[in-house]
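Mapped onto the numbering used here, the consecutive letters of the sequence shown carry residue numbers 32 to 293. Notes follow the structure.
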Amino acid sequence: MKVNYGSMVPISTVDWHGKVSIVLFLRGCPYRCPYCQNHALLFEHNMVDASVLEAEIKKSRPFVSSVVFSGGEPLMQKDAVIHLARYAKKIGLLVGIHTNGHYPHVMAELIKERLVEKFFIDVKAPLDDAESYAKAIGCMDFTDIHIDPGVAMGKVCQSIDLVLGNDIGLELRTTIIRDFMGSADDVRNIACSINELTARQAVTYVLQQGFAANSLLGSLRDKKPLSRDELLGLADVAHEFLDNIYVRTKEKGNEKVNFESI
Ligand code: SF4
């Protein structure tokens, strides 16, 4: 079994809130998000044998409780992720997956085999606005993306539905980038669309402080990250539609927003 492998963090406390994880970054992604910071993973190949990654997971095993697959888009490599998730389960680790939501059929296979405890799904733009989704995944700025944004949006909705219907952990998150995706209107529309899709089930929604300095699209690179206070202001906007909201910043990590104190 070969894996198109990017890199690894052997011990992380930030990629699955409340857990210590080894994080494996796999290469490849069908999207071209203009703010992508991991774009080195989008274009090159580095095929390694899965046994190399199994050895890394085993090395981290005494110090972690979980494996997180990230990327790139890990679910592009269905067979590799299923293989490595089976290995993680065999040695007693939990499995979490960061995904852009484009592969609900792969998620369904993982869920059927009970290989995943939590999915972290990007909601890059309102889930009922194909034009915004097109902008967020790079259709307006790059020619090497061959995805209909309406179809992409539909797949994200399908992925969220699938997780909600299977009693598996779920985090929805939006990366906030100044002057790109992060105005009060953007966040209001995203939160409203999540509310409509999930019927306000107790989904966890995270506003992530995006860093644009290494963006795929050069013109975003000078955008300053939003401050924690700005993100808290956006959380307040989202609270009209959602209850369980976090902000994630470099300075304070993951914080559940207490709306009494804003
Ligand atoms: S930010 Fe977008 S382009 Fe980059 S890895 Fe994630 S989904 Fe793919």
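C-beta atoms are modelled at their ideal positions from N, C-alpha and C, and glycine is treated no differently.
Exposed or buried, Asp192, counting other C-beta atoms within 10 Å across all chains shown (16 or more means buried)?
By the 10 Å Cβ count, Asp192 comes out exposed.
Buried or exposed, going by whether 16 or more other CB atoms sit within 10 Å of the CB of Met138?
buried
Comparing C-alpha positions only, which one of Phe290, Asp267, Ser214 and Gly127 sits nearest to Pro157?
For Pro157, the closest C-alpha among the options Phe290, Asp267, Ser214 and Gly127 is that of Ser214.
Would you give the residue range spanned by the beta strand (DSSP E) that Asn220 belongs to?
Premise fails: Asn220 lies in the alpha helix (DSSP H), Ala215 to Thr229, not in any beta strand (DSSP E).
Bridge partners - Lys155, DSSP secondary structure assignment:
Looking at the DSSP assignment, Lys155 forms no beta bridge with any residue, so it has no partner.
Measure the C-alpha to C-alpha separation of Thr206 and Ile42 and round it to an integer number of angstroms.
23 Å
Under DSSP, the alpha helix (DSSP H) around Ile142 begins and ends at which residues?
Pro135 to Lys143
8 Å Cβ cutoff met for Ile176 and Arg252:
Not closer than 8 Å, so no.
Does DSSP put Val187 in a helix, a strand or coil?
helix
Which residues in the same chain as Ala116 place their Cβ atom closer than 6 Å to its Cβ, once the five residues preceding and following it in sequence are excluded?
Val126 and Leu146
Distance between Asn77 and Asn289 (C-alpha atoms, nearest Å):
44 Å
Can you find at least 3 beta carbon pairs, one from the stretch 228–244 and one from the stretch 271–279, that sit closer than 8 Å?
yes
Give the range of the beta strand (DSSP E) segment to which Tyr36 is assigned.
Taken as a continuous stretch (DSSP letters only), the beta strand (DSSP E) holding Tyr36 covers Lys33 to Ser43.
Leaving out five residues on either side along the sequence, give the residues of the same chain with a beta carbon under 7 Å from the beta carbon of Thr44.
Val51
Check whether the stretch 243–251 and the stretch 59–73 touch, using three or more Cβ-Cβ pairs below 8 Å as the test.
yes
Length of the line joining the Cα atoms of Glu282 and Asp46:
Glu282 and Asp46 have their C-alpha atoms spaced approximately 15 Å apart.
Within the continuous alpha helix (DSSP H) that includes Gly241, where are the two ends?
From DSSP, Gly241 is part of no alpha helix (DSSP H); its letter is neither H nor E.
Taking 7 Å as the line, does the beta carbon of Leu124 fall inside it for any heavy atom of the ligand SF4?
no
Given the structure, does Asp153 come close to the ligand SF4, in the sense that its CB is under 7 Å from one of the ligand's heavy atoms?
yes
Counting pairs of Cβ atoms below 8 Å between the stretch 177–192 and the stretch 128–135, do you hit three or more?
yes
Going by the DSSP bridge assignment, what does Phe150 pair with across the sheet?
Ile128 and Leu201
Is His70 near the ligand SF4, going by C-beta to nearest heavy atom under 7 Å?
yes
Coil, strand or helix - Leu57 by DSSP
strand
Proximity test, Leu73 beta-carbon vs the ligand SF4 heavy atom, cut-off 7 Å
yes
Use the C-beta contact count for Ala167: other C-beta atoms within 10 angstroms, 16 or more gives buried, fewer gives exposed.
buried
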